[in-house]
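Sequential numbering of the sequence shown, starting at 805, is according to the working numbering.
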Amino acid sequence: MYKTVCGVRARMRALVRAVWVRPGARRDAGMVTSEYAMGIVAAVAFAVLLYKVVTSPAIAELLQETVKRALSAGT
Numbered sequence: 805m806y807k808t809v810c811g812v813r814a815r816m817r818a819l820v821r822a823v824w825v826r827p828g829a830r831r832d833a834g835m836v837t838s839e840y841a842m843g844i845v846a847a848v849a850f851a852v853l854l855y856k857v858v859t860s861p862a863i864a865e866l867l868q869e870t871v872k873r874a875l876s877a878g879t
């Protein structure tokens, strides 16, 4: 009895999937506007953070020293 019920449930699930999801169609076709907005906000926040880090005096000095060492390495 249990195997019959499970078999019927499995067939019903397959039938429902076949009706609701067209063959070859993707269920998630892409991002919605709110996801794009959140992605843009996150990208801008990361850019601001990166700008603050790179323009800080300690990092600027470290980058200048690195460039000076790289340029003087050939001489």
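Glycine residues also receive a C-beta, built at the ideal position from the N, C-alpha and C atoms.
These figures come from a predicted structure and were not determined experimentally.
| Check | Outcome |
| --- | --- |
| Beta-carbon proximity list for L867, same chain, < 8 Å, skipping 5 on both sides | V858 |
| C-beta neighbour in chain D for E869, strict 8 Å | As a matter of chain content, chain D is missing from the structure shown, which is built from one protein chain. |
| Start and end residues, alpha helix (DSSP H) containing V858 | T837 to V858 |
| Nearest-angstrom Cα separation, counted from V852 out to S838 | 21 Å |
| Three-state secondary structure (DSSP) of A864 | helix |
| Own chain, CB closer than 8 Å to A864, minus 5 neighbours either side, in chain order | V858 |
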